[in-house]
Structure formats: C-alpha cells, structure tokens
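Since the structure comes first, as structure tokens, the remarks are kept for the end.
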Amino acid sequence: MNFASTRIRAASNDDGMIPLINIVFLLLIFFMVAGTISASDAVMVTPPMSKAESPLNIEQMTVIIGHDNDIYLANEQITLEQLTSDLTQMQNQMLQNQMPQNQMPQNQMMGQSEDSQGISILIKADGQLSMHALQEVLAHVKSAGIARISLATFPVATSPVATSPVATSPVATSPVASGHADGGI
Amino acid sequence: MQLITTTSQRKNPISLTPLIDVVFILLLFFMLSSSFQKWRQVNISAPTNSPTIIPSEKPEFAIVQLDSDDGRFRIDDTLFQIDDLESLQTLISARPDAIYVLNTSPDVRVQTMVTLVDTLKALGAKDISLASEENPTELNGVTP
Chain Y
5 MNFASTRIRA
15 ASNDDGMIPL
25 INIVFLLLIF
35 FMVAGTISAS
45 DAVMVTPPMS
55 KAESPLNIEQ
65 MTVIIGHDND
75 IYLANEQITL
85 EQLTSDLTQM
95 QNQMLQNQMP
105 QNQMPQNQMM
115 GQSEDSQGIS
125 ILIKADGQLS
135 MHALQEVLAH
145 VKSAGIARIS
155 LATFPVATSP
165 VATSPVATSP
175 VATSPVASGH
185 ADGGI
Chain L
1131 MQLITTTSQR
1141 KNPISLTPLI
1151 DVVFILLLFF
1161 MLSSSFQKWR
1171 QVNISAPTNS
1181 PTIIPSEKPE
1191 FAIVQLDSDD
1201 GRFRIDDTLF
1211 QIDDLESLQT
1221 LISARPDAIY
1231 VLNTSPDVRV
1241 QTMVTLVDTL
1251 KALGAKDISL
1261 ASEENPTELN
1271 GVTP
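As they're listed, the protein sequences go chains Y and L.
Sequential numbering of the first sequence, starting at 5, is according to the numbering used here.
Sequential numbering of the second sequence, starting at 1131, is according to the numbering used here.
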C-alpha cells in the first residue's frame, strides 16, 4: 500500500526530470554548436597525418581511394576510366559556364590558361595506401585537364596515431653514401 | 499537503515526457551526424600553375628518391634519414631555391610521402614537387 502510493506520485510528478532535461538540453546545444554536420563518405579512410595548415575547401569534388584501391567519385564507386571521363565532362561543363564571363574562348578551350580555373578535386586517400594507387588516380585526374588537386590530411597534433612509420623507425642516422649529382630533369 | 499538489498542478499542466522524448531524439541526431574531425589539405598543383618557376632562369633541381617506409631517402644520391634534421637542414639551407623533386617507389605509403614533404617544408624547402610515376619529368607542385 505504502509502496504503491509513492510510486504513483513519483510517476505523475515530473519535477525530478528537470535536471535531466537541463543536461540533455546542454548536450544538445553542445553538439549543435560544436559539431559540423556533413554528408558521410562512402568508405572510411584514415588520411595521412600532416602539419599542413590549409583548411579544407568544401566546394571541391571529392575522390576517395579506399583500402582496396576502389575509387569513389561523389560517393559512387567508379573505375579509373570512368573517373577520367566523368571528370572531363564536369570540367568541360564548368569551363563552358565560365566562358561568357571571361570572353576568352580560345584560352578556355585549351583548359590550360591562367584564367580558366575549372573544377578542383580533393583526393581522400588512406595514409596506408601505396603511392602507386595515388599516382594512378593523380594521372587520371590530370588527364581530365584538372589543374587544382589537393590531398586531404589530418592535423598531426589531434591524432591519437601521431607517430608515423617514418618517424619511429630505428634506422641508423646521418648521411651515409656520398656523391652530389645535380640532377636535371 | 494540499498546497503542494495545487502548485505542482499549476507548474506542470502538461507532461514533460513528450518534450524529453523529442529532445532526446534531437540529441541522438546531432550526436550521430556531427563530426569533430578537422580535415586539412595539401595542395598538389599541376605544373602550369606553379608560380615559382621563372622561365628565364633554369631552375635547379634536387632529386629526392623515396624508396621505402623506413625513413631513409636519397637527395641527389646522398642517403638521408628523416630523423636526422641537422644534415637535412644543412643541405636545404645551402639550396633553398632548388626544386625538390620527389620520386616515390610504387609501394611506398602515402603517409611516408606526406611526412617527407612536411619535413622538407619545415626545414625551408620552398618548392617541392611530386614527380608523376610513369613520366618523371611531369611535376606536381606540393604545398602543404
């Protein structure tokens, strides 16, 4: 009897909830203000750690290279050949849109002039990926006539995996071999 | 006793539970959809946009050959260790205006390349370029 009455009273009385609601509201405000909502990537990649300071330009097309060298353009998996053709198409569209403003059709057609910017590409490659995979994508992106390419990185300090395999390697120091040859290319 | 019940009725004319439900759902949404990762980018520009190459002057090249992930690399056939900042500093301060052309082996990791670019940049190399794999004469300027 005694139990039942207290339980009913507690259930009908919401006063005990108010501190809970306060905290939940605070959490809500924190996540709304501090977090940024963005579309998630097709695959999770752990980009290379870098000291690079330039913030991400969100207006770029994103090319993701996953662990198995699978390539995603705008979160859709495509092949390397499709990447070139799709990017060429986008680049041409962009240049055509720019043409009336710049009124330099001969330069715009080349796609190489200083004024023609075209689209810019952000490559999100996994840090553990081989350079071969990155170089392949770079070559295909550039064959589409795109000049502005960037590689996504994470800042070094905030990462829990700040030590790269390079920095921790216990190999003998100091220059060993000799011979300075100024290489021309 | 009567006083308490009347005030509580006045304070809560409607139940707070639906409000809490909605707030919890909002909280869940923001917790799951927001990200706190701070992305940065390293620019890889095509050769036409590289501003540092003066056409009248023949640029000086330093060939950086990166073949393994163990922290060793060659600059113009001299073996360096990426930890060995002093020797690197000596070399780079002697040739700050050279274009450091990065040749990478296909199996080197991207992380290794980025770390090397960071190190060279931090030591004062102004112009770092990533050579294309199939055509090493085709350079991509890298600006972290």
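Glycine included, each C-beta is placed from N, C-alpha and C at the ideal position.
Being a predicted model, the structure only gives us computed values, none of them experimental.
- The beta carbon of leucine 1253/L does not come within 9 Å of any beta carbon belonging to chain Y, so the residue lies off that interface.
- Interface residue (Cβ-Cβ distance to chain L less than 9 Å): threonine 157/Y is classified as such.
- Think of a sphere of 7 Å around the beta carbon of glycine 131/Y: the chain L residues whose beta carbon falls inside it are Arg1239, Val1240, Gln1241, in chain order.
- Note on alanine 78/Y: under 16 other CB atoms within 10 angstroms of its CB, so exposed under the neighbour-count rule.
- For leucine 1157/L, the chain Y residues whose C-beta falls within less than 8 Å of its own C-beta are Val28, Leu31, Leu32, Phe35, listed in chain order.
- Think of a sphere of 7 Å around the beta carbon of glutamate 57/Y: the chain L residues whose beta carbon falls inside it are Arg1170, in chain order.
- Listed along the chain, the chain L residues whose CB falls inside 8 Å of the CB of leucine 60/Y are Trp1169, Arg1170, Gln1171.
- DSSP links glutamine 81/Y through a beta bridge to Tyr76/Y.
- Annotated three-state conformation of asparagine 101/Y is helix, per DSSP.
- By alpha-carbon distance to glutamine 1195/L, the top candidate from Val141/Y, Met135/Y, Thr50/Y, Thr40/Y is Met135/Y.
- Beta bridge pairing from DSSP links leucine 133/Y with no other residue.
- With 16 or more other CB atoms across the displayed protein chains lying within 10 angstroms of its CB, threonine 1245/L is buried.
- Against proline 1236/L, the close residues of chain Y are Ser134, Met135, His136, in the order they occur along the chain (beta-carbon pairs closer than 7 Å).
- Residue nearest to aspartate 1197/L within the set Gln1167/L, Ala1255/L, Phe1210/L is Phe1210/L (criterion: CA-CA distance).
- For the stretch 1202 to 1234 of chain L, the residues whose beta carbon sits under 7 Å from a beta carbon of chain Y are, in order, Arg1202, Asp1206, Asp1207, Thr1208, Leu1209, Phe1210, Gln1211, Ile1212, Asp1213, Asp1214, Ser1217, Val1231, Thr1234.
- Using a Cβ distance threshold of 9 Å, threonine 1234/L and glutamine 139/Y count as a contacting pair.
- For the pair serine 154/Y and glutamine 95/Y, the CB atoms are not nearer than the 9 Å cut-off.
- Per DSSP, the continuous beta strand (DSSP E) segment holding serine 154/Y begins and ends at 152 to 159.
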